[in-house]
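Asker:
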Amino acid sequence: MSAGGVPVTGERHREDAADRVRAAVYAVRDPEIDVTLADLGVLRSLTVRDDAVDLVLAPTRTACPGRAAMEGAVRAAVATVLPAAAVHVVWQPGAWRAEHVTERGLRTLRGCGYGVAGRGPACGEAATVQLRRCPYCGSGVVESLGRFGGSVCRTPFLCRSCGSAFDELGSARDIK
Numbered sequence: 001m002s003a004g005g006v007p008v009t010g011e012r013h014r015e016d017a018a019d020r021v022r023a024a025v026y027a028v029r030d031p032e033i034d035v036t037l038a039d040l041g042v043l044r045s046l047t048v049r050d051d052a053v054d055l056v057l058a059p060t061r062t063a064c065p066g067r068a069a070m071e072g073a074v075r076a077a078v079a080t081v082l083p084a085a086a087v088h089v090v091w092q093p094g095a096w097r098a099e100h101v102t103e104r105g106l107r108t109l110r111g112c113g114y115g116v117a118g119r120g121p122a123c124g125e126a127a128t129v130q131l132r133r134c135p136y137c138g139s140g141v142v143e144s145l146g147r148f149g150g151s152v153c154r155t156p157f158l159c160r161s162c163g164s165a166f167d168e169l170g171s172a173r174d175i176k
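Here the sequence shown stands for residues 1 to 176, numbered as in my numbering.
(1) Buried or exposed: which applies to Pro-93, given that a residue is buried once 16 or more other Cβ atoms fall within 10 Å of its Cβ?
(2) Using a Cβ-Cβ cut-off of 6 Å (strictly less than) and excluding sequence neighbours within five positions of Ala-38, which residues of its own chain qualify?
(3) Could you check the C-alpha separation between Val-81 and Val-142 for me, to the nearest Å?
(4) Does the region 55–71 touch the region 107–117, meaning 3 or more C-beta pairs lie closer than 8 Å?
(5) Using DSSP with H/G/I as helix, E/B as strand and the rest coil, what is Ala-18?
(6) Which residue marks the beginning of the alpha helix (DSSP H) containing Gly-146, and which one marks its end?
(7) What are the residues that DSSP puts in a beta bridge with Glu-32?
(8) From Arg-49 to Arg-97, what distance separates their C-alpha atoms?
(9) Tell me the rounded alpha-carbon separation between Asp-167 and Gly-138.
(10) By how many angstroms is the C-alpha of Thr-62 removed from the C-alpha of Ala-17?
(11) According to DSSP, is Tyr-136 helix, strand or coil?
(12) Asp-30: buried (16+ other C-beta within 10 angstroms of its C-beta) or exposed?
(13) Start and end of the beta strand (DSSP E) containing Arg-67?
(14) Tell me whether Gly-115 sits in a helix, a strand or coil according to DSSP, three-state version.
(15) The beta strand (DSSP E) that contains Ala-86, what's its start and end?
(16) What are the boundary residues of the alpha helix (DSSP H) that Ala-191 is part of?
(17) Is the beta carbon of Val-89 sitting closer than 8 Å to the one on Val-74?
(18) Would you say Ala-52 and Ala-77 are within 8 Å of each other, going by their C-beta atoms?
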């Protein structure tokens with residue numbers, strides 16, 4: 001019985017469990033950057049069935065070293081709600097793109113000092129021209145410090161206006 005004496009049906013129980021699974025998986029954070037996989041655009045789809053959960057993930061790079069950690073974290077998140085459920089994870093082929101990052105993800109990344117290749121400093125819409133902006137001051141006067149940063153999906157930059165160093169996230173197609 002639920003509060004108020006109304007019986008909880010099997011269908012209602014399944015919906016509640018599915019909502020809890022979604023909440024748990026949507027809360028999983030990237031192993032390197034403090035942003036959820038959903039907001040980063042890595043979590044592409046989530047389907048909850050009676051005895052199984054199907055997930056589609058897309059790494060920021062094909063050879064992303066964080067794939068095992070991400071997969072383990074989403075499996076653990078599902079297990080907190082449905083410990084007996086079979087979890088099927090499919091890694092989507094093809095490149096992750098900057099436009100997969102949500103608006104909340106953009107705000108979170110900028111708050112952590114990351115730029116996002118191909119995304120404007122405020123609007124978050126896909127850019128037709130490469131926009132490189134400092135996530136701290138918004139200046140476009142930035143200088144590349146090399147092709148790769150601390151990981152292959154990051155490119156280091158220096159803002160000539162405020163002097164801040166920052167990494168920009170992007171796919172190989174985004175980073176030029």
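In this text, a Cβ means the ideal position worked out from N, Cα and C, and glycines have one as well. Computed from a predicted structure; not experimentally measured.
Answerer: Put simply:
(1) Your numbering for residue 93 matches position 93 in the sequence shown. By the 10 Å Cβ count, Pro-93 comes out exposed.
(2) On the sequence shown, residue 38 is found 38 positions in, with the first residue counted as 1. Here the set comprises Tyr-26.
(3) Here residue 81 is taken as the residue at index 81 of the sequence shown, counted from 1. Here residue 142 is taken as the residue at index 142 of the sequence shown, counted from 1. So the alpha carbons of these two residues sit roughly 45 Å apart.
(4) Fewer than three pairs of CB atoms, one per stretch, sit closer than 8 Å, so the region 107–117 makes no contact with the region 55–71.
(5) Working through the sequence shown from its first residue, we reach residue 18 at position 18. Correct three-state label for Ala-18: helix.
(6) As a working note, residue 146 is residue 146 in the sequence shown. No alpha helix (DSSP H) holds Gly-146; DSSP gives it neither H nor E.
(7) Within the sequence shown, numbered from 1, the residue matching residue 32 stands at position 32. Per DSSP, none; premise fails for Glu-32.
(8) Position 49 of the sequence shown holds residue 49. Position 97 of the sequence shown holds residue 97. Using only the alpha carbons, I get a separation of about 29 Å.
(9) Your numbering for residue 167 matches position 167 in the sequence shown. Your numbering for residue 138 matches position 138 in the sequence shown. The alpha-carbon separation between Asp-167 and Gly-138 amounts to approximately 14 Å.
(10) Start at 1 with the first residue of the sequence shown, and residue 17 comes out as number 17. Start at 1 with the first residue of the sequence shown, and residue 62 comes out as number 62. If I take the Cα positions, the gap works out to 32 Å.
(11) As a working mapping, residue 136 is identified with position 136 in the sequence shown. The three-state reading of DSSP puts Tyr-136 in coil, since its state is none of H, G, I, E or B.
(12) Taking the sequence shown and counting its residues from 1, the one referred to as residue 30 is at position 30. Burial is judged here by how many other beta carbons sit within 10 angstroms of a residue's own beta carbon; Asp-30 has at least 16 and is buried.
(13) Locating residue 67 in the sequence shown gives position 67, counting from the first residue. No beta strand (DSSP E) contains Arg-67, which is instead part of the alpha helix (DSSP H) from 67–81.
(14) Residue numbering aside, residue 115 sits at position 115 when the sequence shown is read from its first letter. If DSSP states are grouped into helix, strand and coil, Gly-115 belongs with the strands.
(15) Within the sequence shown, residue 86 is the residue found at index 86, counting from 1. Looking at the DSSP string, the run of the beta strand (DSSP E) that includes Ala-86 is 86–91.
(16) Residue 191 is absent from the model: the chain starts at 1 and stops at 176.
(17) Position 89 of the sequence shown, counting from 1, holds the residue named residue 89. Position 74 of the sequence shown, counting from 1, holds the residue named residue 74. Result yes, Cβ atoms of Val-89 and Val-74 sit closer than 8 Å.
(18) In the sequence shown, counting from the first residue as 1, residue 52 sits at position 52. In the sequence shown, counting from the first residue as 1, residue 77 sits at position 77. Ala-77 is positioned such that its CB atom lies no closer than 8 Å to that of Ala-52.
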